[in-house]
Amino acid sequence: MSDSPDPPLRWRALLAEQDRKAFAAAWLGYAMDGFDFVLITLVLTEISADLHLSTVRAATLVSAAFVSRWFGGLAIGALGDRFGRRPAMVLSIGLYAVGSVLCGFAWGYWSLFAFRMVVGLGMAGEYTASVTYIIESWPRRIRNTATGMLLSGFPLGNVLAAKMYAWVVPHSSWRVLFWIGVAPVVVAIYLRRRLPEAADWQQARKAGTPPVSATERLFAGRAKVRNLPLCVVAAVALVVVLRGVSLVATLSLVVVITGCFVALAMGFAQRLWPVVVALMVTVFCAFLYAWPLQSLLPTYLKTDLHYDPDQVSDALLYAGFGYAAGTVLVGYLGDRFGTRRAYVAMLLTSLVFVYPAFALGEGHTVALWVLLFLLIGTGSGAAGVLPKFISDHYPVELRAAALGFSYNVGALGGAAAPVLGVKLAEPLGLGTALAVLSLVVTVLVVLLIAFDVPAWVQRAADAWRAGRPDPTPVPASEKV
C-alpha cells in the first residue's frame with residue numbers, strides 16, 4: 007500500500023483487500039454506534055411520560071453520555087496507543103452495546119443516566135479507535151475520503167434507529183428499542199477479531215518509536231495523587247451542571263471543569279497541551295452548532311409541527327441520508343482541495359438553509375424533507391473531515407489518546423447543546439432557538455477552522471517557551 011499521487015477519483019485502486027475489509031468492519035461498528043447513541047433522542051417524549059420528567063430534565067439524558075465521553079476517549083485512546091488500535095475498537099463496541107441494553111432495564115432517572123454514561127464511554131472509544139485505525143491504515147493521499155466515508159456510518163445508523171422507532175415503539179415500548187441495539191454489534195465484533203493492525207502504528211513500533219501511555223503519565227506514581235481527584239471533581243461537577251443550578255453556580259463549575267481538563271491535558275500531552283486545549287474549544291463549538299438540531303429535531307417535529315411517529319421517522323430518514331452524503335462529499339473535497347478549505351466551504355453553504363428550514367410551518371412536509379437533507383448534509387456533514395483535521399496536529403505515538411481526549415472533551419458541547427436549546431426555546435420557541443444556535447456558532451467554527459487557530463496557538467506557545475518575541479512560522483497541519 008503506497009501513497010501514490012493518483013487523483014482522488016482513483017481511491018479504490020490504492021486499496022488492498024485487507025484495507026477494504028478493515029474499513030467494512032470499522033464502518034459497521036461506527037454505524038451501530040450511531041444506532042445506539044441516537045435512540046435516546048427518539049424516545050425522549052415517551053421516557054418523559056413514563057418516568058414523569060420535565061422536558062429540561064429529560065434533555066439531560068441526552069447529555070449524560072457526554073459526561074463520560076472525555077474519560078472514555080482518553081482511556082481507550084491510551085489503550086490504542088499502547089497496545090494497538092484493534093483491541094481498543096473491540097473494547098469500545100462492547101461497552102456501548104452493554105450500555106444500550108442496560109438502558110432498556112432502567113427503573114428511574116438516575117439509573118438511565120448512569121447507563122447512558124456507559125454508552126458514552128463506548129462511543130468515545132469507538133470514535134477514537136475507529137477513526138485512528140482508518141486514518142493510519144489508508145494511504146495518506148485519500149485519508150480525508152477515508153474519514154468522510156467512515157463517518158457516514160453514524161448518520162446511517164441514526165436512520166436505521168429512526169425506522170426502528172416507527173416500527174417498534176408505537177406497538178410496544180421504548181425499552182424494546184434499546185434491547186434491539188445489541189443485535190448487530192455481534193457481527194462487528196466478529197469482523198474485528200480478524201482485522202490487521204493499523205499500518206502507521208505497526209511501522210512506528212518497528213522503527214523503535216517508544217509507545218506513549220497517557221494513562222501512565224496521568225495515573226502512575228505521584229501523578230495519580232493529583233490527577234485522580236481532578237477526574238472525580240470534573241465528573242461530579244459535570245453531573246451537577248447538567249442537573250441544573252443557578253447561573254452563578256453553573257459558571258463557577260464550568261471554570262472548575264475547564265481547569266481540570268486543562269490540567270489533565272498538560273499532564274499527558276506535555277509540551278503539546280496548548281494545541282490539545284485549542285482543539286477542545288474547536289470541537290466544543292462544532293458540537294454546539296450541530297447537536298441542538300440533531301438532539302432536539304424529533305422533539306421539534308413532534309411538538310411544534312405535530313408530526314406523528316411515521317412522519318418523524320421519514321424526516322429523520324432524509325436528514326440522516328443528507329448527513330451521510332455530506333460526510334462522503336466533504337471527504338472527497340478535502341482530498342481534492344484541502345481539509346480546511348472543504349470544511350469551511352461546507353459550513354458556509356449550510357448557512358443558506360438554516361432560515362428556510364425553520365421558517366416552514368405545518369403542511370410543508372416534502373419541502374422540509376429537502377431542506378433537512380441539505381442543512382444536515384452541509385452542516386453536520388462537514389464534520390466528515392474533522393478527525394483528519396484533529397489528527398494532523400498530533401504525532402502517531404500520542405495520536406489516539408490526544409485525539410480521543412480533545413475530541414471527547416470538546417464533545418461536551420453536545421451535552422450543553424440540548425439543554426441550551428431548550429432554555430433558549432422558552433423565550434424564543436424551539437424552532438427559532440435551533441436556528442439562532444446554528445447560525446451564530448457555525449460562523450465561529452468557520453473562523454476557528456479557516457485560520458487554523460489550534461496550530462497558531464501551539465506555534466505561539468512554542469515561541470514563548472523558546473523565548474522568542476513572536477511566533478516563528480513553521481509548517482502547520484495544512485495551509486489554506
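Numbering (our numbering), first residue to last: 7 to 486. Every residue, glycine too, gets a C-beta built ideally from N, C-alpha and C. The model shown is predicted, which means the values in this text are computed figures rather than measured ones.
Check Q24 in the structure and name its three-state DSSP category. For the purposes of this step, residue 24 is taken as the residue at position 18 of the sequence shown. Correct three-state label for Q24: helix.
Return yes when the Cβ of P460 is within less than 8 Å of the Cβ of L285, no when it is not. Numbered from 1 along the sequence shown, position 279 holds the residue referred to as residue 285. Numbered from 1 along the sequence shown, position 454 holds the residue referred to as residue 460. Yes, they are a contact pair.
L244 versus V358: straight-line alpha-carbon distance, rounded: Along the sequence shown, read from residue 1 onward, the residue named residue 244 stands at position 238. Along the sequence shown, read from residue 1 onward, the residue named residue 358 stands at position 352. Computed Cα separation, rounded: 35 Å.
Within the chosen definition, does the stretch 348 to 365 reach the stretch 399 to 407 through at least 3 CB pairs nearer than 8 Å? no
Excluding the 5 residues flanking L380 on each side, which residues of the same chain have their C-beta closer than 7 Å to its C-beta? Residue mapping note: residue 380 aligns to position 374 of the sequence shown, counting from 1. Within the same chain, L380 has close Cβ partners G328 and F359.
Grouping DSSP H, G and I as helix and E and B as strand, with all else coil, what is L299? What you label residue 299 is simply residue 293 of the sequence shown in a count that begins at 1. Here L299 sits in helix by DSSP.
Neighbourhood of W414 by C-beta distance below 6 Å, restricted to the same chain and skipping five residues each side: Stepping through the sequence shown from its first residue, residue 414 is reached at position 408. A quick correction: the sequence has Asn, not Trp, at residue 414. Counting only Cβ-Cβ distances below 6 Å, and skipping sequence neighbours, we find R75, W76, G79 and A130.
Under a three-way DSSP split, which group does G326 fall into? Reading the sequence shown from its first residue, position 320 is the one you call residue 326. Helix at G326.
Assign A243 to one of three DSSP states: helix, strand, or coil. By 1-based counting over the sequence shown, the position of residue 243 is 237. If DSSP states are grouped into helix, strand and coil, A243 belongs with the helices.
How big is the Cα-Cα spacing for S69 and A365? On the sequence shown, position 63 is the one that residue 69 refers to. On the sequence shown, position 359 is the one that residue 365 refers to. Using only the alpha carbons, I get a separation of about 27 Å.
Between which residues of its own chain and V188 is the CB-CB distance below 7 Å, once the five residues before and five after are set aside? Counted from its first residue, the sequence shown places residue 188 at position 182. Once the five neighbours on either side are set aside, the close Cβ partners of V188 are A103, S106 and V107.
Hey, how far is the Cα of I148 from the Cα of S258? Your numbering for residue 148 matches position 142 in the sequence shown. Your numbering for residue 258 matches position 252 in the sequence shown. For I148 and S258, the distance between alpha carbons rounds to 44 Å.
contact_flag[the stretch 312 to 331, the stretch 156 to 165] where n(CB pairs < 8 Å) is 3 or more: yes
Can you give me the C-alpha to C-alpha distance between A30 and S136, rounded to a whole angstrom? Here residue 30 corresponds to residue number 24 of the sequence shown, with the count starting at 1. Here residue 136 corresponds to residue number 130 of the sequence shown, with the count starting at 1. Each residue's Cα considered, the two are about 11 Å apart.
Of the choices A389, L234 and L118, whose alpha-carbon is the least far from that of I53? On the sequence shown, position 47 is the one that residue 53 refers to. Among A389, L234 and L118, the Cα nearest to that of I53 belongs to L118.
Let me check understanding here. Comparing Cα to Cα, which of N150, G154, A71 and V49 lies closest to G387? Indexing the sequence shown from 1 puts residue 387 at position 381. Closest option to G387, Cα to Cα, is G154.
Reduced DSSP category for A466 - H, G, I as helix; E, B as strand; rest coil: Reading the sequence shown from its first residue, position 460 is the one you call residue 466. Reduced to three states, the DSSP call for A466 is helix.
Where D314 falls, given that 16 or more other Cβ within 10 Å makes a residue buried: As a first step, residue 314 must be located in the sequence shown, where it is residue number 308. It counts as exposed.
I think G332 touches T151, with their Cβ atoms under 8 Å apart; what is that distance to the nearest whole Å? The sequence position of residue 332 within the sequence shown is 326, counting from 1. The sequence position of residue 151 within the sequence shown is 145, counting from 1. Contact flag wrong, Cβ pair sits at about 14 Å.
Cβ shell of A407 (< 7 Å), same chain only, five flanking positions each side left out: Position 401 of the sequence shown holds residue 407. Result list for A407: L80, G83, A84, D87, A220 and F274, in chain order.
According to DSSP, is Y400 helix, strand or coil? On the sequence shown, position 394 is the one that residue 400 refers to. Correct three-state label for Y400: coil.
With a threshold of 16 other CB atoms inside 10 Å of the CB of T371, please say whether the residue is buried or exposed. Working through the sequence shown from its first residue, we reach residue 371 at position 365. Here T371 is exposed. Its C-beta has fewer than 16 other C-beta atoms within 10 Å.
Answer with buried or exposed for V452, where buried requires no fewer than 16 other C-beta atoms within 10 angstroms of its C-beta. What you label residue 452 is simply residue 446 of the sequence shown in a count that begins at 1. Buried.
How long is the line joining the alpha carbons of G282 and A271, rounded to whole angstroms? Taking the sequence shown and counting its residues from 1, one reaches residue 282 at position 276. Taking the sequence shown and counting its residues from 1, one reaches residue 271 at position 265. For the record, residue 282 in the displayed sequence is Val; it is not Gly. Answer to the nearest angstrom: the Cα atoms are 7 Å apart.
Taking just the CA atoms, how far does D468 sit from G227? Walking along the sequence shown from the start, residue 227 turns up at place 221. Walking along the sequence shown from the start, residue 468 turns up at place 462. If you take the alpha carbons of G227 and D468, they lie about 28 Å apart.
Do you know whose CA, among P161, D42, V96 and S252, lies nearest R181's CA? Start at 1 with the first residue of the sequence shown, and residue 181 comes out as number 175. Minimum Cα distance to R181 is reached at D42.
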